[in-house]
Amino acid sequence: MVELNTVIFDLLYLLAAILFIMGIKKMSHPRTAVFGNLLGVVGMLIAAGVSFAIIWENEAIQNRQFLSLVTIVGAILLGTLFGSMLAIRVQMTEMPQLVAIFNGVGGLASVLVAAASLMAADEDPLYIEVLVAGGLSGLIGSVTFIGSAVAAGKLQELAFFKKPVPLPNLIRHLLNLLMLAGCIWCVYDMVVSANNITLNFIGICILGCLLGYTLTTPIGGADMPVVIALLNSYSGLAAAATGFVVDQPVLIISGSLVGASGIILTSLMCQAMNRSLLSVLFGSGSLSSYEEDEEVYATVKRTTAESVAVMVGYADRVVFIPGYGMAVAQAQNAVSDLAKQLEQRGATVEYGIHPVAGRMPGHMNVLLAEADVDYSQLKALEEINPDFDEVDVAIVIGANDVVNPEARKEGTPVSGMPILNVDEAKQVVVIKRSLSPGYAGIANPLFAADNTTMLFGDGKAMIQDVSTALKELG
Amino acid sequence: MVELNTVIFDLLYLLAAILFIMGIKKMSHPRTAVFGNLLGVVGMLIAAGVSFAIIWENEAIQNRQFLSLVTIVGAILLGTLFGSMLAIRVQMTEMPQLVAIFNGVGGLASVLVAAASLMAADEDPLYIEVLVAGGLSGLIGSVTFIGSAVAAGKLQELAFFKKPVPLPNLIRHLLNLLMLAGCIWCVYDMVVSANNITLNFIGICILGCLLGYTLTTPIGGADMPVVIALLNSYSGLAAAATGFVVDQPVLIISGSLVGASGIILTSLMCQAMNRSLLSVLFGSGSLSSYEEDEEVYATVKRTTAESVAVMVGYADRVVFIPGYGMAVAQAQNAVSDLAKQLEQRGATVEYGIHPVAGRMPGHMNVLLAEADVDYSQLKALEEINPDFDEVDVAIVIGANDVVNPEARKEGTPVSGMPILNVDEAKQVVVIKRSLSPGYAGIANPLFAADNTTMLFGDGKAMIQDVSTALKELG
Amino acid sequence: MKKQINTKASGWIKWPGLCVMLVAGFLVAQEKVEQTNQPNDSGVTVNQQAVPVENEPENTEEAAMSITSTFTMDRYDALMAGIAVFIVSVFVGFEVITKVPQTLHTPLMSGSNAISGITIVGAILVVADCVKTNNTIAMFLAGLAIALAMVNVVGGFGVTHRMLSMFSSRKKKKKATQS
Amino acid sequence: MKKQINTKASGWIKWPGLCVMLVAGFLVAQEKVEQTNQPNDSGVTVNQQAVPVENEPENTEEAAMSITSTFTMDRYDALMAGIAVFIVSVFVGFEVITKVPQTLHTPLMSGSNAISGITIVGAILVVADCVKTNNTIAMFLAGLAIALAMVNVVGGFGVTHRMLSMFSSRKKKKKATQS
Ligand SMILES: NC(=O)c1ccc[n+]([C@@H]2O[C@H](COP(=O)([O-])OP(=O)(O)OC[C@H]3O[C@@H](n4cnc5c(N)ncnc54)[C@H](OP(=O)(O)O)[C@@H]3O)[C@@H](O)[C@H]2O)c1
Ligand SMILES: NC(=O)c1ccc[n+]([C@@H]2O[C@H](COP(=O)([O-])OP(=O)(O)OC[C@H]3O[C@@H](n4cnc5c(N)ncnc54)[C@H](OP(=O)(O)O)[C@@H]3O)[C@@H](O)[C@H]2O)c1
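Residue numbers (my numbering), protein chains in the order written: chain P, -9 to 464; chain W, -9 to 464; chain U, 63 to 241; chain D, 63 to 241.
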């Protein structure tokens, strides 16, 4: 009954799983990470190839080969086309949205696989754990799908996702709980009555979608990255559940790898923002907006690109603090050029990277790597913080919350978050377009500090102005 | 067909496996290691308790309860008695032997389980993979059993194991290969013919025992720890194979944990001795014994306990280099006392621990921990080596190969092994009973170096003499 | 400091995670048990496999009685082993991923996204069932799933590669020697 | 330097290890296949479980034909999942154990020895079979196995505890304050 081919195929599947694990292991260093990614690709090729071979050999298919093979090949080509388009054309600044979209797509795929396998097996007897796993897959998958769509929309700042749900928190939570209970009831009914499987499954999916929407809409845009990482974890769990549906350890292994990855990133982000996961997910929603701005900003000093050029031109040690604004302005190349100019003049240039600068973990690192900055120049929070008193000029470009000294006080939305101690540097230049607050929505006393001067304007343009002025300086 | 109890029991088994993993994770720091070990104990209690509960519920047993339950309880008590006796009474210096014995016992247990389950199921139809796994379990288990017995005997320096096998290498290898082939044939025959299972299994066990003997006897005593670690790995694999026999993931998980642990320790030891595993297992066997000792040792200087006391009494930084001889002399407490005396006189005392000092990895650490030495004073090879030129007195007690400068030359049996650079210290005292060589069997030019003086005598007595002399010094 | 974050993080994640997993596994198992106990009250043990395609499934009363086929002990073993795989893989995941440095967290996210495109295996395999039962809608869904999973795979690995090759210093060195 | 050793070590271990595992798995699978193909040449598919004790095994010709019972697809799934468990656990093992510092290698050895005493589970479970078939010799062997495994467990954990509590600094501090 068990054919030799089956055995070989299954062992190849396991090989694919091993390759995934090895691939992620290789990700532990930038030097080997590219190779690790390639291992992942090879694993996926093996897994997909084996699946195709299994289908190819299937008798039922060999009789009515044409349609099914066309479907498969067509779908693969279509997917490859869209996927590669996305991969090639996406801007590095849009990574959070892209990851959200991929999450959603993955979740939807899980739902569809579960649906197809439940429908196709409609007349055959179905195993109970297949039903349960299918239901779970449908639930998790649809929550992931809609949740990711909302997240992507919010990150892209689409107007549609901006209006808040006009419901008090308690009712919202109750509603969510009810929907969840409904889902679980559907799964239960599907398993026990075993009759209206399709109907129940559709119910699960609809409820899951609603749940995905109501769970994510009230969460603020700044917290979206956390939600995305969590949904990433869910999409992995959905894949693992699918693994129980089709009885393939490779799916279980890879799914739980992804699940673990998502949950670890979620927790690291929460830690770096000094918030608990629960407060992100169900938190008060609207942060009280601080309205003493004018008072705080009474002593703000403006500066010009020329005087900044003079300042940095004769500095020994310059540290750039990039933030979300650098991503928005796409100023990474300009910054890197300025840094090279400074280095030629003999200064030491470093970059202070806060763990949650930008909109996703490691966001700044990717942008700066894109601009050919060597990663030995990128200093993490704990590396650079003790050195700030020896820094001549700290240039804050588009960062706000991550350098906000309010974090050291009690009772503010950012309280307790570890920050970059920029205010200890000898001189600080802050480049941003206005005095408007960052994502946490609070005023930043740093801007009004004695050693701080503000350079108002678009990040890229300003940095380029400084570069030009520096060249004229000779 | 599947009862609720079964499900609960199986989940508890998985919980036990999780506890084992967590336990080993906690072993990554001395502070949490005790707790980790306790987690392991809890896991084992759960696993054994569940097994007992399963048996208790079994109908067949409930009819003829008495005998079987007496067997189980009796066996458990007996095992506990012997086990705790061994655990309590063993000397820390005998750890290598003890581990070897435990390995052997574990291997034998695997063999017996496989045998019992094959015999008991004699009349029922047997699954094929159960047969294969049973055969593997028998093979690995019996090799482990006899191999460990030989290793323990050699470490205990029993006369019986000292006589070498009078066979040339090639023939030995051929014979081993033949026996292995015989084993595999027995497994194959057992599976295919499916008739004379018992006979075949006995064949496998006998061949396995022979193999265990012929594989380990030619290996030198110094290489025994490597063999023990390897057999440790095997005993884990045997447990994993048993897991396939009785179809319990918990056995597979724990078995492969142990297997991985053994193989990692094996490789680390080989690395630290600069030998390949193959050369340990099949290597030339007899190392050419260096016979230019007299020449090398022409300039050896003797010293007395009193002059050593004077030397260390006024030193600022003293480093002890313990080796196998300290274990033999059981001098760890004497050393620790002397160290405390020196510290009271204001000196800095450290211990330089070579990765393969003693007879098993971490051997010296255990001994010194027994003597209440704080582990912050224990310096690893790479920590202490750069500092030796600032060390006033290095006291080598019972170490030889790990401080042999010959390792830096080509063509000696220890070539390439990283050593402790004791010869760079300002003054070196070597405490040993004679000029006889260490386990590698070669002369040590360190003993004749300009800055070295030898204190001949038993390690413990000599250290105590130094202590006394130091006290008299005031 | 960095260490501390890691330890703490894994601390609070692991326990609830494990509990949820265990509870989920238990629920799954529970459901099964209830179900299997029901039709088998009569003491009949049905050992019917869904696999052999050659023997057409006989429409005996047992098969008609319940659409869900009976749970054999072997099937149960397979499920338990699956749960074991899940648990152990979660451990591997934790161990492996906590070693990835902060710098690479964005590529890690997109890369793990690509790996979750492994659902493509399920999507392709399900086509066989669709053909067998001649279910066109299911076939369409499966095709869509394949396409979506493929977007995930190609897009995910592609963008990860793009990001990671920015990090690799080789490119930089080449540029440096050029200029 | 230390790092390097670790990497190199795991390098040369892992690949052969994995290969051996795969080959072993393949062999196991192979054997099965050959076997199952043999009696089933006639096209008869035998779906017989060893589990139900209630139905006495019918001595039909199929059962007599071969003492090894037929391999169902579910059984195969369980085996494959078992192999997956093995592979993934080996990974967990490598990850977890490479983190144990040199200092604790001796306790690690004795501790993992104790864990390999998990064969006690197999030893106890097998007693049921022994009673069922009324096989006294097997029973004796099982009892012996239990005793041996117990020696391993108690001795291993005990001596590990003894060693580790020497390392724990609490004891030392107490002594220090005493004197
Ligand atoms: N990285 C993560 O994983 C992550 C995850 C979740 C949440 N977050 C949150 O995201 C925030 C990140 O902090 P952050 O300091 O990087 O950014 P931020 O606090 O959001 O501030 C960004 C600043 O950039 C300025 N800016 C925007 N566009 C600009 C342009 N074109 N040129 C120049 N300046 C521009 C904005 O000021 P103007 O409008 O005045 O120019 C704004 O003050 C934190 O609150 C963090 O908690 C991050
Ligand atoms: N640790 C491991 O994991 C491991 C594993 C495998 C192999 N090995 C091997 O074991 C060796 C360990 O090196 P090592 O330097 O620790 O030891 P060693 O080279 O074996 O030398 C031990 C020395 O201690 C002396 N000694 C013995 N009893 C003594 C006593 N009662 N009082 C004083 N001195 C005494 C002996 O000289 P006298 O007889 O003159 O007193 C001998 O020269 C290496 O060759 C290593 O490769 C270790």
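All C-beta atoms in this analysis are idealised placements derived from N, C-alpha and C, irrespective of residue type, glycine included.
So, for residue i: in the same chain, excluding its five sequence neighbours on each side, which residues have a beta-carbon less than 6 Å away from its beta-carbon?
i	result
P:Val383	Met301, Val302, Ala305, Val308, Gln417
P:Ile453	Ala321, Ala324, Val325, Leu328
U:Gln92	Any reading at U:Gln92 must be qualified, since the residue scores a pLDDT of 45, below 50, and its modelled position is unreliable; no value is offered.
W:Gly124	Ala104, Leu108, Val235
W:Met12	Leu29
Could you tell me whether any non-hydrogen atom of ligand 2 is closer than 8 Å to the CB of residue i?
i	result
W:Asn390	yes
W:Met316	yes
W:Leu425	yes
D:Pro169	no
D:Pro163	no
W:Val412	no
P:His19	no
W:Ile421	yes
W:Met214	yes
Can you list, in chain order, the residues of its chain with a C-beta nearer than 7 Å to that of residue i? Leave out the 5 residues immediately preceding and following it.
i	result
U:Arg224	none
P:Val181	Ile118, Leu121, Val122
P:Leu200	Met169
Here's the rule: buried if 16 or more other CB atoms are within 10 angstroms of the residue's CB, otherwise exposed. What is residue i?
i	result
D:Asp136	buried
W:Arg321	Note on identity: in this sequence residue 321 of chain W is Ala, with Arg being the wrong assignment. With 16 or more Cβ atoms within 10 Å of its Cβ, W:Ala321 is classed as buried.
P:Lys461	exposed
W:Val60	exposed
P:Pro376	exposed
U:Ser151	buried
D:Lys70	Residue confidence is low: D:Lys70 scores 38 on pLDDT, short of 50, so the model does not pin down where it sits. Its coordinate-derived value is still stated next. Flag for D:Lys70 reads exposed.
W:Ile78	exposed
U:Gln240	Residue confidence is low: U:Gln240 scores 49 on pLDDT, short of 50, so the model does not pin down where it sits. Its coordinate-derived value is still stated next. Burial call: exposed.
D:His167	buried
P:Gln81	exposed
P:Gln261	buried
P:Asp379	exposed
Taking residue i as the reference, give the member of the options with the closest Cα.
i	options	result
P:Ile421	P:Phe(-1), P:Ala288, P:Ala319	P:Ala319
P:Leu129	P:Gly30, P:Gly172, P:Gly143, P:Ile218	P:Gly172
W:Leu357	W:Val32, W:Lys369, W:Thr442, W:Met316	W:Met316
W:Gly348	W:Gly252, W:Gly124, W:Gly388	W:Gly388
U:Thr222	P:Cys199, P:Pro395, P:Ser74, P:Ala106	P:Ser74
W:Leu145	W:Gln334, W:Pro215, W:Pro435, W:Glu400	W:Pro215
P:Ser424	P:Gly447, P:Leu1, P:Thr442	P:Gly447
W:Ile385	W:Tyr365, W:Tyr429, W:Glu372, W:Thr293	W:Thr293
W:Thr256	W:Leu247, W:Ala262, W:Gly125, W:Ala219	W:Ala219
W:Asn264	W:Pro427, W:Ser132, W:Leu88, W:Val346	W:Val346
W:Met350	W:Leu35, W:Val89, W:Ile14	W:Val89
Is residue i close to ligand 1? I mean its beta-carbon at under 8 Å from any heavy atom of the ligand.
i	result
P:Arg349	yes
| field | Length at least 4, wholly inside the segment 142 to 225 of chain P: the alpha helix (DSSP H) runs in chain order | value | As far as the segment 142 to 225 of chain P is concerned, its whole alpha helix (DSSP H) runs of at least 4 residues are 159 to 183, 187 to 206.
| Contained alpha helix (DSSP H) runs [length at least 4] in the segment 370 to 446 of chain P, N- to C-terminal order | 371 to 374
| At what residue ranges does the segment 294 to 363 of chain P contain a whole run of the alpha helix (DSSP H), taking only runs of 4 or more? | 295 to 303, 314 to 319, 322 to 334, 353 to 360
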